[in-house]
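Under the working numbering, think of the first position of the sequence shown as -11, with each following residue one higher.
For each residue, glycine too, the CB sits at the ideal point set by N, CA and C.
See structure below.
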Amino acid sequence: MATAAPQCTPRFGEGVIASYPDPLRTCIWNAIVEHATDVHLHCVAEGLRVLHRVDGIIHPKLLLSQAEGRKLLNQLKSAAGLNFVRSFAPVEGELTWPDGEMRWEIRVTLTPVRDRESAHLRFLNVPRDQWDLAGLGLLPADQEKIASAIGSLNGLVLVTGATGSGKTTTMYSVASQMDLRTTTTYSIEDPVEFRLPYVQQIEVDEQHGLTMHEGLRTILRMDPDLILVGEIRDSDSAMVAARAALSGRLVLATIHAQDAAGAVDALHYLGVPYHIIASSLRLIIAQNLIRRLCPDCARPHDLSDRDRELFGQFSMDVPDSVMQAVGCPDCHSYGYKGRTGVFEVAPIDDELATFIRSGPHHREVTDCLRKKGIRSMAQDGLEKVAMGVTCMDELRRVCPFGQGIEVMRRRSNPLLLDFPIGADYDSSYHEGE
């Protein structure tokens, strides 16, 4: 085991400037201890502000003096192989941090702000048990839908959600359900987030002419069985991915949209005709991340009448009680520990494909999915509340429609549902980070 680094008591907001005995080592260690996915180093008048993102939530941690902040940034540049001279444009690097048998891969970005610099550290390690679909939070019925969709080894499987919703992890997990040793598998990503065994991973490098579109075209000439597309962002990539799926390859891709119907919107907005969407699409996995209750301190809590109505409107069994976040030393008093997914898993059968060819509105696609028994993310979230995985407060925070009812979403944001397919024009509006 690595020697524990001295931890500094979070003092931000108390007017006290903290000091690190060994800035970089302590900064990274504290982030690892709290299971932070990101560390933000923000320049402020007093010095350098240290913030952690834990389970999707930003927590201010420390305030370093200007001298300590410069020392930390210089150590970070050295470890990441970046120039010590202040950069006048954003720069990126990587560092590997050993911790006993574990090695942390950290992506580092520095950017100029006024006359100084700020930095961001992204911790890329994902525990191997999270490549398992059950570990992601997918219930058995949804796992069966995924197994059926990828079993044919052709067609387009889309994973959709906001930035930071775990789309890439889900895409890798779906790919990992296959025997990658006996398939020719390529990915095109910007950037490569995680290393996946037996996959030839290509990273976009636009400075040298390797765009997402060109990478996809190259992969198609290399006899692929399975193609992973890090994110469909432009019309050329969308069309190539769809046509690759029609040519007998299995294509797994991520795209920005808020739900399953929105994924169809996004493809059409990028110029893919309805008939190609209908013919190529096999499955849509829409998702968001929700915090898990800490198992050591969560306590039973009576459901309010309003919450009982939620379960009733989805024709779900109403639990006698649910769990509520409390907070304890083991979860650093947050009340939550780790995250899981809430999902909408929609297979595209012949009936739905025929419906998509007609160019329906977003609302009509959503209604069709519900009539076919496809659960929304809100319904999946309520199921996890009933199981004691999370709580109602957290579900309301994550669901974009407040209480998690489709009708309430339409009343609060009717514009999104009154546009036809293709008019979900700005998916960044829904991004989480």
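_For ASN276, the three-state DSSP class (helix, strand or coil)_ = strand
*Measure from the alpha carbon of ILE265 to the alpha carbon of each residue in ALA251, LEU281 and ARG183, then state which is nearest.*
ALA251
_Segments of 3+ residues assigned as beta strand (DSSP E) that fall wholly inside the region 173 to 234_ = 173 to 177, 187 to 191 and 214 to 217
*Name the two residues that bound the continuous beta strand (DSSP E) containing HIS244.*
238 to 244
*Okay, do the region 137 to 155 and the region 300 to 319 touch, 3+ Cβ pairs below 8 Å being the bar?*
no
*How about VAL260 and THR242: do their beta carbons lie closer than 9 Å?*
At least 9 Å separates the beta-carbon of VAL260 from that of THR242.
*Just the Cα atoms here: how many angstroms apart are HIS196 and PHE111?*
27 Å
*Exposed or buried, what is ARG363 when buried is set at 16 or more other beta-carbons lying within 10 Å of its beta-carbon?*
buried
_Three-state secondary structure (DSSP) of PHE76_ = coil
*Check whether GLU219 and MET200 have beta carbons under 9 Å apart*: The Cβ atoms of GLU219 and MET200 sit closer than 9 Å to each other.
*TRP85 bridges to which residues according to DSSP?*
TRP92
*Residue of VAL187, TRP119 and MET210 minimising C-alpha distance to GLN165*: TRP119
*asked:* Beta-carbon within less than 8 Å of ASP355's beta-carbon, same chain only, minus the 5 sequence neighbours each way: which residues are those?
replied: Non-local C-beta neighbours of ASP355 in its own chain, meaning closer than 8 Å and more than five positions away in sequence, are absent.
*asked:* Tell me which residues share the same chain as SER267 and place their Cβ nearer than 8 Å to its Cβ, disregarding the 5 neighbours each side in the sequence.
replied: LEU234 and ALA341
*Pull up the distance between the alpha-carbon of ARG205 and that of TYR174, whole angstroms please.*
12 Å
*From ARG41 to GLU82, what distance separates their C-alpha atoms?*
19 Å
_Let me make sure I understand the geometry here. Which of ARG294, ASP87, GLN63 and THR97 has the alpha-carbon closest to that of VAL79?_
THR97
*With a threshold of 8 Å, establish whether the CB of GLU382 neighbours any heavy atom of the ligand GDP.*
With respect to small molecules bound, the structure shown includes none, and the ligand GDP cannot be examined in it.
*Do ALA334 and LEU271 have their CB atoms nearer than 9 Å?*
yes
_4 or more residues per run - each alpha helix (DSSP H) lying fully within the region 103 to 173_ = 121 to 124, 128 to 139 and 155 to 164
_Reduced DSSP secondary structure (H/G/I, E/B, other) of GLY329_ = GLY329 carries a strand assignment under DSSP once its states are collapsed to helix, strand and coil.
*Over the uninterrupted beta strand (DSSP E) stretch that includes GLY423, give me the two end residues.*
Nothing in the structure corresponds to residue 423, since the chain is present only between -11 and 421.
*Between which two residues does the beta strand (DSSP E) containing ILE45 stretch?*
For ILE45, the enclosing beta strand (DSSP E) begins and ends at 45 to 53.
*HIS30: first and last residue of the uninterrupted beta strand (DSSP E) it sits in*: Element bounds for HIS30: 26 to 32.
*Is DSSP giving VAL377 helix, strand or coil here?*
The answer is coil: DSSP assigns VAL377 none of H, G, I, E or B.
*Near ASP26, which residues of its chain fall below 8 Å by C-beta distance, leaving aside the five closest residues on each side in sequence?*
Contacts found: HIS40, ARG41, HIS108, LEU109, ARG110 and PHE111.
*Around the C-beta of GLU34, are 16 or more other C-beta atoms found within 10 angstroms, so that it is buried, or is it exposed?*
exposed
*Would you tell me roughly how many angstroms separate the C-alpha atoms of LYS372 and ARG384, rounded to the nearest one?*
13 Å
*asked:* Need the endpoints of the beta strand (DSSP E) that PRO11 sits in, please.
replied: It is not in any beta strand (DSSP E) - PRO11 instead sits in the alpha helix (DSSP H) that spans 11 to 21.
*First through last residue of the alpha helix (DSSP H) which encompasses ASP338*: 338 to 345
*HIS40, enclosing beta strand (DSSP E) - first and last residue*: 35 to 42
*By how many angstroms is the C-alpha of MET311 removed from the C-alpha of LEU198?*
If I take the Cα positions, the gap works out to 50 Å.
*Hey, how far is the Cα of ALA163 from the Cα of ALA24?*
26 Å
_Among ALA248, ASP130 and ASN18, the one whose alpha carbon lies nearest that of HIS349_ = ALA248
_Cβ neighbours of GLU382 in the same chain (closer than 6 Å, five flanking residues each side left out)_ = ILE278 and ARG279
_Between ASP253, LEU29, CYS285 and PRO11, which has its C-alpha nearest ILE46's C-alpha?_
Among ASP253, LEU29, CYS285 and PRO11, the Cα nearest to that of ILE46 belongs to LEU29.
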